[in-house]
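In terms of the UniProt record's numbering, the sequence shown has 94 at position 94, counting the first letter as 1, and numbering is strictly consecutive. Backbone N, C-alpha and C fix where the C-beta goes; we use that ideal spot for every residue, glycine too. Note that the coordinates shown come from a computational prediction; the quantities given were computed from them, not determined experimentally.
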Amino acid sequence: MINAPDKVEKNREITPYPGYIPPPPANSFPTLIDNSDIPRANQQSSNTFRSETPLQILSPDSRRDFSCPSELTSITDFLTCVRRLSTVTLDEHNMLCDFEKDSGCRFKSISSPLSVGNFPNADHYRTFATLAGRPEEERPTGNFVFFIEYRGTDPEDEFIMSTPITCQKGNGVLKFNYWIVGQQDKVMLRVCTQNHLSRSCTQSISYNAPSASIAIEVVHPNSTFFELEIVASNIVDPAVIVYDNIEYKADMCEWDEKTGTTQTEDSVNEKPIASVDSFFEAEEQQGEKDPPGEEDPESSERSDSATLINPVPTRPIRLSPRRAESELKMEQLISELTDERKGSDLIEDAEDRDEPQSVCKLLNCDFDHSMCLYNNYVNESMSISPWQLGNNRVGNPHTGVREGSGFLYVGTDSPADSKIVNYILESPDLSVDEDFELTMDIYRRSNDITLQVCLDTPFYCPYTITPFEKETDWMEGQMFLIPKGTLKVYIRAIQWRRFKWLAIDNLKVSSTKC
């Protein structure tokens, strides 16, 4: 209470009476509102930023782009500096893939987007080799292909580059250069062969830092068709994998003019430049014990020019196991018909049998009530999910299948199905004596799920649908040429991310037989 009068006196000096308005401050004091038209140094509005130094007199070092560093020291630097040129162009005749200019490659990615790229200058190539744990002289040159995992995936998720082998005599040798940026000791890299019965893979290839080159002996799986794969898995941390100079050397008979030139004996034409004694599993090591056969000189005759001209995909010349089995049964039937005791009975039975169904009846389907004669493909060595019938809205409103008539669809939004999912639809057995066109309507709303049409085996897929177009829901009347002699048609969908859906409808054959 003693100091109260002093405070009152001080307040009286500042506010002499109620409602008193103090005079404006002197000009030397700053104000929140400045209506002066005269610009003042170091004063500007809160949303305006100006440089007091004219831009044209800045030094070149001050103006240069800092987004790409001069040397690569991290995955972020790689992502910043790599120049994405294009996706890989498919060229089934190119057995040596260096990815330069507009050259295509026989190998394609079936699990994730694969890009062709290069670096702006030589220092980037040199420091990239160091970043990947390689000596500087083991750096890539020119263009290369790469894929990126930004966050890490489940250990079982696979990133695959593959090519279908439709006719090969003997074993082969696969060579390629590769670099891994990330946890090199964790990434599992293997070479696999897969046919309709099983999949055989090498053991995990150790990341041999001194050399970027690897050569693997590919043991023939004794199958008419098989898929040759470069498989990377266990990418549980962010990583970049780069491939270059992929080359496959083998005695290929895919384009032989005569079926008589094909043989089934195994032969090894070239030994790998690196030791791979421990790579192959027991079932493949058993295949190496088969005696090599002699090379047929007539097998060097090729019909590349005819294949390039013909728009219908070239089918393999060698008989598939199913066709070989049917021809064996035919030989047995002929021998039985020549037997007088059985011949008359067999002829009477044949007269009572129905005529074989045309390819139109076998393949035409609108999926309104059933899957018709199609079935979900079964292969215990693969992780395959089923195609399903639908006639109502499926999935989410943006990427799901919209309501309509009956259709067949694939897709999932289940967290348990976060890895790559394959869906394979199998046609009934066919007997085709002329080329025909198979049309279908296809629904797709994302590039993260795609569709392939395969012939005779789900691993020989000459057709992949066009990229996703935002303005189009149903792509109606998509046409695929099926060559004569085809034994089966497979429709294969591959899904890379959840919440993606794909549907097909109105399969129809255009043929003179219909």
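Asked	Found
Quick test of your reading: residue 449 and residue 495, contact by CB under 8 Å. State the CB separation rounded to the nearest angstrom.	4 Å
Who are the Cβ neighbours of residue 437 in its own chain at under 8 Å, not counting the five residues just before and after it?	479, 480, 481, 482, 509, 510 and 511
Could you tell me which residues DSSP pairs with residue 184 in its beta bridges?	In DSSP, residue 184 forms no bridge with anything.
Does the beta-carbon of residue 368 have 16 or more other beta-carbons within 10 angstroms, so that it is buried, or is it exposed?	exposed
With burial defined as no fewer than 16 other Cβ atoms inside 10 Å of the residue's Cβ, what is the status of residue 520: buried or exposed?	Nothing about residue 520 can be reported from this structure: the residues present for the chain run from 1 to 514 only.
Could you tell me the distance, in whole angstroms, from the CA atom of residue 469 to the CA atom of residue 221?	40 Å
For residue 480, which residues does DSSP report across the bridge?	438
Between which two residues does the beta strand (DSSP E) holding residue 130 run?	No beta strand (DSSP E) holds residue 130; the alpha helix (DSSP H) holding it covers 122 to 131.
Do you know offhand how far residue 263's Cα is from residue 98's?	For residue 263, the predicted model reports a pLDDT of 41, less than 50, meaning its position is unreliable; a value from the coordinates is still stated below. So the alpha carbons of these two residues sit roughly 31 Å apart.
Could you pull the start and end residues of the alpha helix (DSSP H) that residue 249 belongs to?	Unbroken run through residue 249 is the beta strand (DSSP E), 239 to 252; no alpha helix (DSSP H).
Tell me the residue span of the beta strand (DSSP E) that contains residue 384.	No beta strand (DSSP E) contains residue 384, which DSSP labels as neither H nor E.
Which residues in the same chain as residue 213 place their Cβ atom closer than 6 Å to its Cβ, once the five residues preceding and following it in sequence are excluded?	177
So residue 75 packs on residue 242, CB below 8 Å; how close in whole Å?	About 12 Å; that fails the 8 Å criterion.
By the three-class DSSP mapping on this structure, what secondary structure does residue 97 have?	strand
So the candidates are 234, 223, 196 and 225; which of them puts its Cα closest to the Cα of residue 204?	234
Only counting the same chain, and skipping five residues up and downstream in sequence, which positions put a Cβ closer than 6 Å to that of residue 441?	474, 476, 505 and 506
Of all the options 490, 165, 513 and 77, which has the alpha carbon lying nearest to the alpha carbon of residue 435?	513
Given this structure, state the Cα-to-Cα distance separating residue 230 from residue 192, to the nearest angstrom.	7 Å
Please report whether the beta-carbon of residue 253 lies at a distance below 9 Å from any beta-carbon of chain D.	The chain inventory of the structure shown lacks chain D, comprising one protein chain alone.
Excluding sequence positions up to five away, which residues of its chain have a Cβ less than 8 Å from the Cβ of residue 186?	234, 235, 236 and 237
Is residue 80 helix, strand or coil by DSSP?	helix
Quick one: is residue 211 buried, meaning 16 or more other Cβ sit within 10 Å of its Cβ, or exposed?	exposed
Do residue 105 and residue 88 have their CB atoms nearer than 9 Å?	yes
State the CB to CB distance for the pair residue 90 and residue 108, rounded to an integer number of angstroms; the pair is presumed to be in contact (CB under 8 Å).	5 Å
Residue 374 to residue 489, Cα distance in whole Å?	10 Å
Determine the extent of the beta strand (DSSP E) in which residue 218 is found, giving its start and end residues.	213 to 218
Looking at C-alpha atoms only, which residue of 96, 196 and 208 is the closest neighbour of residue 244?	96
Work out the CA separation of residue 453 and residue 461 for me, nearest whole Å.	6 Å
Report the partner residues of residue 492 according to the DSSP bridge assignment.	424 and 452
Excluding the five sequence neighbours on either side, which residues of its own chain have a C-beta within less than 6 Å of the C-beta of residue 58, listed in chain order?	Unreliable placement is indicated for residue 58, whose pLDDT of 43 sits below 50; the coordinate value is still reported in the next sentence. Nothing meets the Cβ criterion.
Taking DSSP's pairing of strands, which residues face residue 232 in a bridge?	159 and 189
Here's the rule I'm using: 16 or more other beta-carbon atoms within 10 Å means buried, otherwise exposed. How should residue 206 be labelled?	exposed
Using beta-carbon positions only, say whether residue 387 and residue 408 come within less than 9 Å of one another.	yes
Between the beta-carbon of residue 148 and the beta-carbon of residue 174, is there less than 9 Å?	no
Do you know how far the Cα of residue 439 is from the Cα of residue 377?	21 Å
Verify whether the separation of the beta carbon atoms of residue 451 and residue 487 is less than 9 Å.	no
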